[in-house]
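Enquirer: In short: position in the sequence shown from 1, add 910, done, that's my numbering. The C-beta atom is built at its ideal place from N, Cα and C for all residues, glycine as well. This one's a predicted model, so the numbers in the text were calculated from it and none came from an experiment.
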Amino acid sequence: MSINIVVEQIDARLDLRGTRCPINFVKTKLKLEEMEAGEILELWIDDGEPMGNVPRSIKEEGHRIIKAEKLADGSFRLLVRKSGEY
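1) Kindly identify the DSSP beta-bridge partner or partners of Glu952.
2) Identify, in the order they occur along the chain, each residue of the same chain with its Cβ nearer than 7 Å to the Cβ of Asp957, setting aside the five sequence neighbours on each side.
3) Beta-carbon separation of Lys939 and Glu971 under 8 Å?
4) From the DSSP output, in three-state form, read off Glu918 for me.
5) Go through its chain and collect everything with a Cβ distance to His973's Cβ below 8 Å, but skip five positions before and after it.
Structure, rendered in structure tokens:
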């Protein structure tokens, strides 16, 4: 029996729970601009409007959401891979 373990390499973290739209996306965009192509941003956002808007805007910018999970407190944890060549 083999077990596959996936280790997520996190290059940057940003906790935006409690941050209102559109400030949460602006902060996300600025953080992604600081990062290198292919790096992964771990992002925490609230449910509701932020979860509706931020992922859509991230995708429109050309980045990829590689994981989204709902947490026990109702917020979401996203893993975002920065676009570009890597």
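Expert: Based on what the coordinates show:
1) Arg923, Leu989
2) Gly984, Ser985, Phe986
3) yes
4) coil
5) Leu942, Val990, Arg991, Lys992, Ser993
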